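Just so we're aligned, residue 283 is where the sequence shown starts under my numbering, counting upward by one. Here's the structure we're looking at; comments come further down.
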Amino acid sequence: MDVNNEIEKTLYEGYAKQAIRDVIGEETFRCEMLEKWTTAVIYKILERLEMTTNKYIVTCNILQKTGAGYNTASSCRWDNTTDVCCCVQWENDSLICVVCIFGMNMIYESST
């Protein structure tokens, strides 16, 4: 991964952490709030990402902190020199939030 991608990944992680803190903070897990929280976290991140030429996929999973196992996986076929993925896990006393951001550069150089 090139240096610019590392910088971009660090920015994405910051956007995710800030959005989670702003939306969820120290809230207690409430099932009826999940849709509102996940939507709000995603939109806060997308607002920050709008300033670039990339295309994005942002996912947000929130689960109650009960000690049960949780596993998620993803796979992408892309250009590691221009595309970026980062996942952030954040938790408080009652819930766990996992956000993944996939940024794909949509500007291609001609090979001719």
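Backbone N, C-alpha and C define an ideal beta-carbon position, used for all residues, glycine too. None of these values were measured; they are calculated from a predicted model.
Worksheet item: Who are the Cβ neighbours of residue 368 in its own chain at under 6 Å, not counting the five residues just before and after it?
Response: Contacts found: 291, 294, 295 and 383.
Worksheet item: By how many angstroms is the C-alpha of residue 289 removed from the C-alpha of residue 372?
Response: Distance from the CA atom of residue 372 to the CA atom of residue 289, rounded to whole angstroms, is 20 Å.
Practice prompt. Under 8 Å by Cβ, that's how I've got residue 379 and residue 344 pegged, so tell me the actual separation to the nearest angstrom.
Written response: The pair is a contact, with the Cβ atoms about 5 Å apart (cut-off 8 Å).
Worksheet item: So residue 347 packs on residue 328, CB below 8 Å; how close in whole Å?
Response: Not a contact, Cβ separation roughly 26 Å.
Item to complete: Compute the Euclidean distance between the alpha carbons of residue 337 and residue 321, then round it to the nearest angstrom.
Response: Straight-line Cα distance between these residues: approximately 18 Å.
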